[in-house]
Amino acid sequence: MFLAYRQFRKYQQRRAMADPPEVAMHMPQPTHPAPQADVYPLRPSTSTTHKSNLLTAKRLDAPPRGYNIDIAHPPPSRTPSPTPDEIDFLNGVRTQRSLAQRIRMYLVLAVVIAVIALIESYHEKILNGLKPATSWLHRTPGAWLIPIVILIAMSFPPLFGHELVAMVCGITWGLGVGFAIVAAGTLLGEICTFFVFKFACRPRARKAEATNLSYATLAHVVRSGGLPIAIVIRFSALPSHLTTAVFATCGMQFWVFLVAAVVTLPKQLVVVYIGEALNSNDSRSNKIQRAVLAVTIVITILAMVYIRRLRTAAKPSVVYARRKARQADLGVI
């Protein structure tokens with residue numbers, strides 16, 4: 008019986024091997040479950056909000072409670088490191104000036120010293136040469152508008168020459184009227200400069216702030232200091248129209264700038280008084296002129312030292328802000 012069963016099984020196997028492929032295709036095939044596409048790896052879902060569970064292989068749709076992170080864009084492990092230029096800036100390493108820059112600096116210094124020496128040595132001849140023009144300005148009605156227009160035109164950087172115009176006003180009209188003319192021209196010119204730079208030069212100022220560390224620290228000090236810093240900066244040796252351009256591009260409010268400009272008008276009063284003293288040619292006036300000039304120089308030096316300390320203290324904040332800006336440029340929130 009057992010031998011007969013073995014012979015029958017062998018016959019069935021030979022018969023199955025001899026069947027054509029078409030018959031084999033119709034034979035029952037084993038079935039297997041289809042693989043699940045979202046079991047691994049776990050991906051964020053946009054349609055469900057189920058909590059993830061590795062044991063049940065559900066998708067990870069939200070971070071655990073208490074972790075405010077973006078799974079699609081994880082934050083980096085640390086803020087980008089400072090660049091070599093920023094490290095030198097923090098350590099107070101000064102950039103070596105080129106030969107052309109040093110020549111320009113020495114030329115400007117030599118011109119300033121030469122002008123001061125010429126005015127001090129030949130002020131009588133200068134006054135005699137200016138006497139026809141100053142006499143015409145003094146006796147002509149409405150001629151006081153001419154220095155006002157000149158001061159407005161010279162208020163736009165890189166033009167300069169406010170001090171010379173103020174001295175001529177002091178020679179021509181004296182201290183009272185001369186100072187009123189200079190104050191009107193200075194205020195009107197710097198108001199025009201403020202609005203022009205505020206609306207026309209803001210993108211360029213942002214670019215300069217992003218590339219120039221010295222300008223970036225000055226802008227940071229101006230923005231964070233408010234009215235007191237604006238007054239101190241305008242009392243420094245920096246030209247007033249240049250500080251106006253910096254104030255406008257740094258986002259200073261107009262009323263802060265206007266109050267600082269009015270408070271610092273005594274700088275122009277000193278220059279007008281020097282012109283009047285040159286015209287009077289009195290020994291007492293000359294002594295007062297030198298005393299006023301010395302006080303102005305001392306105030307300027309103190310203001311520059313104070314601003315320098317503020318800029319040094321602002322260096323870490325400026326460098327850190329630049330590092331965070333580079334982190335944001337990488338596309339990380």
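When the letters of the sequence shown are read in order and numbered with the working numbering, they come out as residues 8 to 340. Yeah, the Cβ is synthetic: ideal placement off N, Cα and C, and Gly gets one too.
Check: Mind pulling the alpha helix (DSSP H) runs of 4 or more residues that sit fully within the stretch 193 to 220?
Finding: 209 to 218
Notebook entry, point to check: If you compare alpha carbons, which of Val156, Met174 and Phe201 is closest to Val253?
Noted result: Position 246 of the sequence shown, counted from the start, is the residue given in the question as residue 253. Minimum Cα distance to Val253 is reached at Phe201.
Item checked: Status (buried if at least 16 other CB within 10 Å, exposed otherwise) for Met174 -> Counting from 1 along the sequence shown, the entry for residue 174 is found at position 167. Buried, since its Cβ has 16 or more Cβ neighbours within 10 Å.
Checklist line | Spatial distance of Ala212 from Ile188 (CA atoms) | finding: Working through the sequence shown from its first residue, we reach residue 212 at position 205. Working through the sequence shown from its first residue, we reach residue 188 at position 181. Roughly 32 Å separates the two Cα atoms.
Next item on the list: State buried or exposed for Lys205, treating a residue as buried only when at least 16 other CB atoms are found within 10 Å of its CB.
Entry: Position 198 of the sequence shown, counted from the start, is the residue given in the question as residue 205. Buried, by the Cβ-count rule.
Notebook entry, point to check: Apart from the five residues just before and just after Lys132, which ones in its own chain have a Cβ nearer than 8 Å to its Cβ?
Noted result: Translated into the one-based positions of the sequence shown, residue 132 becomes position 125. Nothing listed; no residue qualifies.
Notebook entry, point to check: Can you tell me the Cα-Cα spacing of Tyr313 and Leu300, whole angstroms?
Noted result: The sequence position of residue 313 within the sequence shown is 306, counting from 1. The sequence position of residue 300 within the sequence shown is 293, counting from 1. Near 20 Å, if we compare the C-alpha coordinates of Leu300 and Tyr313.
Checklist line | Buried/exposed call for Trp151, threshold 16 Cβ in 10 Å | finding: Within the sequence shown, numbered from 1, the residue matching residue 151 stands at position 144. Trp151 comes out buried.
Check: What separation, rounded to the nearest whole angstrom, lies between the Cα atoms of Ala217 and His227?
Finding: Within the sequence shown, residue 217 is the residue found at index 210, counting from 1. Within the sequence shown, residue 227 is the residue found at index 220, counting from 1. Each residue's alpha carbon lies about 12 Å from the other.
Next item on the list: Would you grab the beta carbon distance between Gly185 and Ile159 for me? Rounded to a whole angstrom, and I think it's under 8 Å.
Entry: Indexing the sequence shown from 1 puts residue 185 at position 178. Indexing the sequence shown from 1 puts residue 159 at position 152. Wrong, their Cβ atoms sit about 17 Å apart, outside the cutoff.
Note to self: Considering Cα atoms alone, identify which of Thr141, Lys274, Gly183 and Pro246 is closest to Ser162.
What the structure shows: As a position in the sequence shown, residue 162 is number 155, starting the count at 1. Per the Cα distances, Pro246.
Notebook entry, point to check: Is it the case that the Cβ atoms of Arg6 and Thr271 are separated by a distance below 8 Å?
Noted result: Here the chain has residues from 8 to 340 only, and residue 6 is not among them.
Note to self: Three or more C-beta pairs under 8 Å: does that hold for the stretch 224 to 238 against the stretch 99 to 115?
What the structure shows: no
Check: Tell me which same chain residues have a C-beta within less than 8 Å of the C-beta of Val7, skipping the five on either side of it?
Finding: Since the first residue shown for the chain is 8 and the last is 340, residue 7 is missing from the structure and cannot be characterised.
Next item on the list: May I ask you to report which of helix, strand or coil DSSP gives Trp262?
Entry: Within the sequence shown, the letter at position 255 stands for residue 262. Trp262: helix per DSSP, three-state reduction.
Note to self: Judging by CA-CA distance, which residue of Arg16, Gly99 and Leu276 is the nearest neighbour of Leu220?
What the structure shows: Locating residue 220 in the sequence shown gives position 213, counting from the first residue. Minimum Cα distance to Leu220 is reached at Gly99.
Notebook entry, point to check: Applying the criterion that 16 or more other CB atoms from any shown protein chain within 10 Å of the CB defines a buried residue, is Ser105 buried or exposed?
Noted result: Within the sequence shown, numbered from 1, the residue matching residue 105 stands at position 98. Exposed.
Check: How about the stretch 321 to 329 and the stretch 87 to 103: do they share at least three Cβ pairs that are nearer than 8 Å?
Finding: yes
Check: For Thr179, which of Asn135, Cys208 and Pro91 has the nearest alpha-carbon?
Finding: Walking along the sequence shown from the start, residue 179 turns up at place 172. For Thr179, the nearest C-alpha among the options comes from Asn135.
Item checked: Coarse secondary structure for Pro89, derived from DSSP in three states -> Translated into the one-based positions of the sequence shown, residue 89 becomes position 82. Three-state DSSP puts Pro89 in coil, outside helix and strand.
Checklist line | Ser287 versus Lys274, Pro89, Gly181 and Met311, residue with shortest Cα-Cα distance | finding: What you label residue 287 is simply residue 280 of the sequence shown in a count that begins at 1. Ranking the options by Cα distance to Ser287, first place goes to Gly181.
Note to self: Lys331 and Thr86 - do their beta-carbons sit closer together than 8 Å?
What the structure shows: Translated into the one-based positions of the sequence shown, residue 86 becomes position 79. Translated into the one-based positions of the sequence shown, residue 331 becomes position 324. A contact, by the Cβ cut-off of 8 Å.
Item checked: Neighbourhood of Met259 by C-beta distance below 8 Å, restricted to the same chain and skipping five residues each side -> Position 252 of the sequence shown, counted from the start, is the residue given in the question as residue 259. Answer for Met259: Val229, Arg230 and Ala237, listed in chain order.
Margin query: At the level of alpha carbons, what is the spacing between Leu125 and Leu285?
Written below: Here the question's residue 125 lines up with position 118 in the sequence shown. Here the question's residue 285 lines up with position 278 in the sequence shown. Each residue's alpha carbon lies about 13 Å from the other.
Next item on the list: Evaluate Arg333 with the Cβ neighbour count: other Cβ atoms within 10 Å of its Cβ, from every protein chain shown; 16 or more gives buried, anything less gives exposed.
Entry: For the purposes of this step, residue 333 is taken as residue 326 along the sequence shown, with counting starting at 1. Classification of Arg333: exposed, given that the 10 Å Cβ count is below 16.
Note to self: How far does the alpha helix (DSSP H) with Met112 in it extend, from its first residue to its last?
What the structure shows: To locate residue 112, count along the sequence shown from 1; it is residue 105. Unbroken alpha helix (DSSP H) run through Met112: Leu106 to Ser128.
Notebook entry, point to check: From Ala328 to Gly282, what does the alpha carbon distance come to, in whole angstroms?
Noted result: Here residue 328 is taken as the residue at index 321 of the sequence shown, counted from 1. Here residue 282 is taken as the residue at index 275 of the sequence shown, counted from 1. Taking the straight line from one Cα to the other gives about 47 Å.
Item checked: Arg50 in three-state terms, based on DSSP -> By one-based count along the sequence shown, residue 50 stands at place 43. Residue placement at Arg50 is flagged as unreliable, the pLDDT there being 46, under the threshold of 50; a coordinate-derived value is accordingly withheld.
Notebook entry, point to check: Terminal residues of the continuous alpha helix (DSSP H) containing Asn286?
Noted result: The residue labelled residue 286 in the question sits at position 279 within the sequence shown. Its alpha helix (DSSP H) spans residues Pro273 to Ser287.
Margin query: With the cut-off set at 8 Å, would you say Thr251 and Phe264 are in Cβ contact?
Written below: The residue you call residue 251 lines up with position 244 of the sequence shown. The residue you call residue 264 lines up with position 257 of the sequence shown. A contact, by the Cβ cut-off of 8 Å.
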